[in-house]
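This note's numbering puts the first residue of the sequence shown at 15, with every later residue one more than the last. For reference, the structure is listed below as structure tokens.
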Amino acid sequence: MMWTVFVAGALSWPLAAQQEVKSVERRILEIEHARAHEQIPSLEIYGGWRIQIREVDPRVRRLTVRAIGRMERPELATMALGTFRNSTDARVRQEAANALGQLNAVVNYSELIAAEQNGVVRGELYTSAGRVTPAITGSEELLRTGLSDATAEGRTGAARGLEWLLRSTRGMKAAPATIDALKAAFRANTSEIPRQLILLALNQQAAGDSATYALALRDTSAQVRRMAVAGSRQWIADPSPMVRYQALRTANNCQRAQEALSDASGMVQLAAIDLMGDRKCEAQPLIALFNQPQGWPVRAHAVVALAKINPTPEVRLMVKELANTPAWQARVYAATAARIVGDTHIVAKLALNAEPNVVIEAMTTPADAIRALSSNHSGLLFAAATKLKGSPALAGAMPQIFAALDRVTKTGRATTRDERTALLARVGEAGDAATIEKLRPYLSDVDAAIAKQAATIISQKTGKTVEPITTKLATVPLPTQSFLDGLVGATATITMKGLGVITLELLMDEAPVTAAKFAELADKGKYDGLTFHRIVPNFVIQGGSPGADEYDGITEQFMKEEVGIPSHLRGTLGISTRGHDTGDGQIFINLIDNYRLDHQYTVFARITSGMDIVDKVLEGDVMQSVKIIRKR
């Protein structure tokens, strides 16, 4: 069969040709989304390897090689390499270079870089060369040389690759020449991203010097200054909250903590309170803070800190007061404080609380855990099953464990894997012959991981090898093409209750399926009223869980990763996971440039306004509404 794929953008395209290209793009996306390894011959056709194509559309070829990379099968490297060598389009070569890294391809990167004229593409090659594990012989020298590339893009890519290499190679000690090259490159490059990458590499090696850090501390970029503070281990006053937070952690003393109790940034203020507790500083400033009109986060953190410092009768009364706070998040902290001061009465009372996350923190006895098995909250079920590990009460709790397992399984939600895995582990630990037989239906579970675990337990308990019936997760259907087309150029708004509006652009070209799922959930109002439950300063804020925890997701089926070239820069949005291809609709926003998340988590959106709002978000803050604004 002779295929003809036309050049994108040609004004003379007949309608049939345009439809053909659109159909091909759709098919590529379907194969990528399904991780359909058996359909790789089709990708070979679309990419132009197996047939003579009159004119290969660069976009089709780029999408094809991206799909090959996302398969993450090293044996496909020859296809990515073939695309790289045979394409005249720089964007196609860049995507092919990234695919080589995603495939962990061992190729002659030095030769490819030497022959490549485009700085952006060279930068991608340098990055991929540093990503290969185990490290390729000569990669450190190659990347060191790349720090002097003729283009800024090439130098940035080399810095990115070198940082990755030094971080991911356990125990690697960089050569003195590499350290010298990094310092020289820092002086020569004044842009924010390469300077960050260079400092990350130097800090990882504990190889920064006073001259480099002095220069970095004067940088106009707060992110560069933050890394300089982390590496030099010195405190500085700074207008940026992210730098002040890092400086406070670096100082790690009571004086700086007490000074920061009045910081304008909630993130810094809470960190100061926590530090005072950890260092057992003077209690009076925290008592005064608790007694002032404050939101629950300040009071909750103060009580936990005071419990660590000295559990006086006054502090115990504060714990009791906090345990009766309307905000359930505050009661979680009350449970923590009560455990620290040894108030078993409050702990026992909170273990009966109606809010699952409070129960998780207050759970101390097997009876608490067994009672919690009646919950439908994923996080609480996971905690209860984990709490029962090794417990003398475990064997007697088999009826409750199976009831929970059956109840959750009947929902048909693959995203309940974590709690079901924990429950199955307890069956494997203490189940007898009769209970083991109850596992046989799980051999055909919707989740291949659950089916495999059930097969392993049955095999171990019976001494006879049993194979799972389900071996692969069912592929969730793609959004319709009209739905995807309608999101081209779309934006989104997240209205934070009491704070303001955050505006995003959806990256439909880079992560179309993820962005579409986010839009679908937003259209249905699934995010409205949910919170940001996880706040990690100088890292991410995470939210969008109906259960306000790590385990309760919005989606019933797992979302596939769409990792690629976009970096997890400050203000980008990703999908949280608990393992590869396990997204459940929860989102996170990067508070800093998180290079360590690159090529592992999907980037599906970018904030265009409202980052100042993001910086104010604290635990429990509510997404009042999430809306999609379409251009058409």
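No residue lacks a Cβ here, since even glycine has one placed at the ideal position from N, Cα and C.
Helix, strand or coil at residue 623 [DSSP, three-state]: strand
Other residues of its chain near residue 495: CB distance less than 7 Å, five sequence neighbours each side excluded: 40
Three or more C-beta pairs below 8 Å linking the stretch 75-87 and the stretch 99-117: These segments touch.
The stretch 140-155 touching the stretch 176-183, judged by at least three CB pairs closer than 8 Å: yes
Three-state secondary structure assigned by DSSP to residue 639: Strand at residue 639.
Where residue 359 falls: helix, strand or coil (DSSP): helix
Inter-residue Cα distance where the pair is residue 65 and residue 56: With a pLDDT of only 43 at residue 65, under the threshold of 50, the placement of this residue in the model should not be trusted; the figure read from the coordinates follows. Using only the alpha carbons, I get a separation of about 11 Å.
Validate contact between the stretch 576-589 and the stretch 477-484 using beta carbons, cut 8 Å, 3 pairs: Taking a cut-off of 8 Å for Cβ pairs, the stretch 576-589 and the stretch 477-484 do not touch, as fewer than three such pairs fall below it.
Secondary structure, beta strand (DSSP E): runs of 3+ residues fully inside the stretch 508-562: 514-520, 546-550 and 554-557
Residue-chain proximity (residue 49, chain B), Cβ-Cβ < 8 Å: No chain B appears in this structure, which consists of one protein chain only.
Straight-line Cα distance separating residue 457 from residue 440: 17 Å
Sequence-distant residues of the same chain with beta carbon closer than 7 Å to residue 561, five excluded per side: These residues qualify, in order along the chain: 370, 391, 392 and 393.
First and last residue of the uninterrupted alpha helix (DSSP H) at residue 393: 392-401
Reference residue 319, options 224, 535 and 349, closest by Cα: 349
Enclosing alpha helix (DSSP H) for residue 497 [first to last residue]: 495-500
Nonlocal neighbours in the same chain, by C-beta distance under 6 Å from residue 525, ignoring five residues either side: 576, 616 and 618
Boundaries (first-last residue) of the beta strand (DSSP E) holding residue 601: 601-604
Residues bridged to residue 12 [DSSP beta-bridge criterion]: The structure shown does not extend to residue 12, since the chain is modelled only from 15 through 646, so no value can be given for it.
Bounding residues of the beta strand (DSSP E) (the contiguous stretch that carries residue 586): Boundaries of the beta strand (DSSP E) harbouring residue 586: 586-589, taken from the DSSP string.
With 16 other Cβ atoms within 10 Å as the buried cut-off, status of residue 646: exposed
Close-in-space but distant-in-sequence residues of the same chain around residue 643 (CB under 8 Å, 5 per side omitted): 504, 505, 506 and 507
Residue 38, DSSP secondary structure in three states: helix
Whole-Å CB distance - residue 258 paired with residue 277, under 8 Å assumed: With 8 Å as the limit, residue 258 and residue 277 qualify as a contact, their Cβ atoms being about 7 Å apart.
Nonlocal neighbours in the same chain, by C-beta distance under 6 Å from residue 636, ignoring five residues either side: 511 and 545
Assigned exposure category for residue 598 - 16 Cβ within 10 Å defines buried: buried
Whole-angstrom distance between residue 199 and residue 316, CA atom to CA atom: 44 Å
Contact check, residue 564 vs residue 592, beta carbons under 8 Å: In this structure, the beta-carbon distance from residue 564 to residue 592 falls below 8 Å.
Distance CB(residue 124)-CB(residue 156) smaller than 8 Å: Contact: yes.
Beta-carbon contacts of residue 509 that lie in its chain and below 6 Å, excluding the five residues immediately before and after: Once the five neighbours on either side are set aside, the close Cβ partners of residue 509 are 515, 638 and 639.
Cβ-Cβ distance between residue 260 and residue 244 below 8 Å: yes
Nearest-angstrom beta carbon gap, residue 226 and residue 247 [assumed within contact, 8 Å]: Not a contact, Cβ separation roughly 14 Å.
Counted within 10 angstroms of its Cβ, other Cβ atoms place residue 336 as buried (16 or more) or exposed: buried
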